[in-house]
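Residue numbers (the working numbering): 6 to 98.
So this is what it looks like as structure tokens:
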């Protein structure tokens, strides 16, 4: 078990580093596209589209529930939100 846990930790560290690198590269690409005014960039193997930020309206369900609790309850539906899984917690050493 210890060997597997060490292997998992090493892989998770590698994934974290790669994920951070990917995020940095994507941010650099986005900034370059904004700077150059490019909305879409096409290559033989990829297509990159710049999508600017936007605003949307969000329903405040907490406030609605407080002000209209019976109506809120009548519209509730049960859904599965998590599947079976394991959770590993590490102590800080």
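Built from N, CA and C at the ideal position, the CB exists for glycine as well.
Query, Result
"Throw me the rounded Cβ distance for the residue 34 and residue 53 pair, which I believe falls under 8 Å.", "6 Å"
"Start and end of the alpha helix (DSSP H) containing residue 27?", "7–41"
"I need the DSSP call for residue 76, collapsed to helix, strand or coil.", "helix"
"Got a sec? Which residues, its chain only, sit under 8 Å from residue 66 by beta carbon, not counting five neighbours each side?", "77"
"If you measure between the beta carbons of residue 95 and residue 14, is that distance less than 9 Å?", "yes"
"May I ask you to list the residues that DSSP assigns as paired with residue 49?", "The partner list for residue 49 (beta bridge, DSSP) is empty, contrary to what the question assumes."
"From residue 29 to residue 62, what does the alpha carbon distance come to, in whole angstroms?", "29 Å"
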